[in-house]
Amino acid sequence: MNSSQPTPDRIMQLINGYWATGILGAAASHSLFTHLEAGADTAERLAARAGISGRGAQTLLDGLVSLGLVELRDGGYRNTPEAASFLVEGKPTCLSSFAKLKLTHMGDLVALPDVVRAGGPVEDATVEVADNPHWEEVVPAIAGQSVPVAKVAAEILGLADAGEISILDVGGGSGIYSAIWLGLNPAARSTQLDWGPINAIARRLVAERGVADRFTCVDGDFHTTEFGDAAYDVAVYSHIAHQEGPEDNVALLTKLRGALRPGGTLVICDFIVDDDRSGPPFPLVFASEMLLKSKQGGTWRRADYHAWLLKAGFEEVSFHATPSPASLVIAR
Ligand SMILES: C[S@@+](CC[C@H](N)C(=O)[O-])C[C@H]1O[C@@H](n2cnc3c(N)ncnc32)[C@H](O)[C@@H]1O
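Taking numbering that gives the first Met the number 0, the leading residue of the sequence shown gets 0, the next gets one more, and so forth.
Shown next, in the form of structure tokens:
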């Protein structure tokens, strides 16, 4: 057979791609990566530790080997370095809660053909409903994703040595940026604007990190709450731009510019696509999540961010890669 002949293999993998979400979500639900890390290296031991059936444990292990998250060595199973870094509970970068959450979202995709026809959500546009429980599930689950990104941003801005700076995090969610940055800089103070129940989650996480005395929360809607006037040195707008349409992004970025002191810096983190929409892969796919869950959101191009920031009064804009599918935009 001619080797350049297309085969159906990859399409079969894509059609069955939901098995990856299912196997990973089920393994995370039963803390399999945590038990593997603690030395349970056979289906029997895992089944006993996790309180699941032996048949179930063996089936999940087979699936995890196929997904490249678990490997067999000398007859025993162990986490791959990737799973050990990002799926073992108790590590700040752990994504297991996110894997569990995504398994519960899987059924939502059945609506995608109708959503595509309609050009937006056919039921409630989840992210635009004020103060809704969706965020209480999502926010703690995505905190691990922001850990490496917040560290990269801190390095780019030299935050550890920046002295008595004040930080504003709009839609700060878990408070992870504040927790990391206040931990790096003992003279910094931070304010987070988010819904009340989310700020309660953030206060807990920031307190666990021992920096709650320099963390303040403002409860409210960021579309209607004032951000203050020339009050902050650094502002954060992380994973918010994708839920907003272009006009709202310009309005929010303009308020952020006004909240920053002259020379202050805005840090945006988001899934950003190339100007010709040819990549990168994750931001291109994430556009479907926003079509499903928001009326106006999407994955925006670098050129969009650049134009919005100039309109909002920023003068210098730079883009930075991170160890995640998200990019950083730094604007002054
Ligand atoms: C995707 S999460 C991002 C959280 C955090 N910035 C991060 O990067 O990990 C979006 C956050 O924005 C908050 N949010 C969404 N719409 C909001 C609104 N209109 N007013 C205030 N907060 C809002 C949500 O509660 C949630 O915490």
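Ideal Cβ positions, reconstructed from N, Cα and C, are used throughout, including at glycine. Here the structure is a predicted model, which means the values were calculated and not measured.
DSSP places A159 in the helix class (H, G or I) of the three-state scheme.
When secondary structure is reduced to three states using DSSP, N248 falls in the helix class. Judged by beta-carbon spacing, A286 lies beyond the 9 angstroms limit of G278, meaning their Cβ atoms are not closer than that value. Here the region 33 to 48 does not lie against the region 113 to 121, with fewer than 3 beta-carbon pairs under 8 angstroms apart. Taken through DSSP and simplified to helix, strand or coil, G172 comes out as coil.
Burial state of H241 is buried, judged by a 10 Å Cβ sphere holding 16 or more other Cβ atoms. If one requires a minimum length of 4 residues, the alpha helix (DSSP H) runs lying completely within the region 271 to 322 are 280 to 292 and 301 to 310, in chain order.
Under DSSP, I329 forms a beta bridge with V266 and S317. At least one heavy atom of ligand 1 lies less than 8 angstroms from the C-beta of W194. Per DSSP, R48 has no beta-bridge partner at all. Looking at S173, T223, A234 and R256, the one whose alpha-carbon comes closest to that of A211 is S173.
Runs of the beta strand (DSSP E) lying entirely within the region 102 to 157 and spanning at least 3 residues: none are present. Spatial neighbours of Y176 in its own chain (CB-CB distance under 7 angstroms, excluding positions within 5 residues in sequence) are listed in chain order as S145, A149, D168, V235 and S237. Contact between L66 and I22 holds: their C-beta atoms lie close to 6 angstroms from each other, under 8 angstroms. With respect to L259, L308 sits apart: the two C-beta atoms are not nearer than 9 angstroms.
Straight through space, the alpha carbons of A27 and E315 are spaced by roughly 42 angstroms.
Spatial neighbours of E81 in its own chain (CB-CB distance under 8 angstroms, excluding positions within 5 residues in sequence) are listed in chain order as G67 and L68.
In terms of side-chain proximity, the C-beta atom of V138 is found nearer than 8 angstroms to a non-hydrogen atom of ligand 1. When Cβ pairs closer than 8 angstroms are counted between the two stretches, the region 289 to 305 is seen not to touch the region 189 to 201, the count staying below three. Relative to the Cα of A140, the nearest Cα in the group I155, W180, A153 and I200 belongs to I200. In this structure, W299 has its beta carbon at no less than 8 angstroms from each heavy atom of ligand 1. DSSP places V233 in the strand class (E or B) of the three-state scheme. The alpha carbon of A320 has as its nearest neighbour, out of F313, K310, A42 and R301, the alpha carbon of R301. In this structure, the straight-line span from the alpha carbon of S96 to that of L102 is close to 10 angstroms. A Cβ-Cβ contact shorter than 9 angstroms links L265 with V233.
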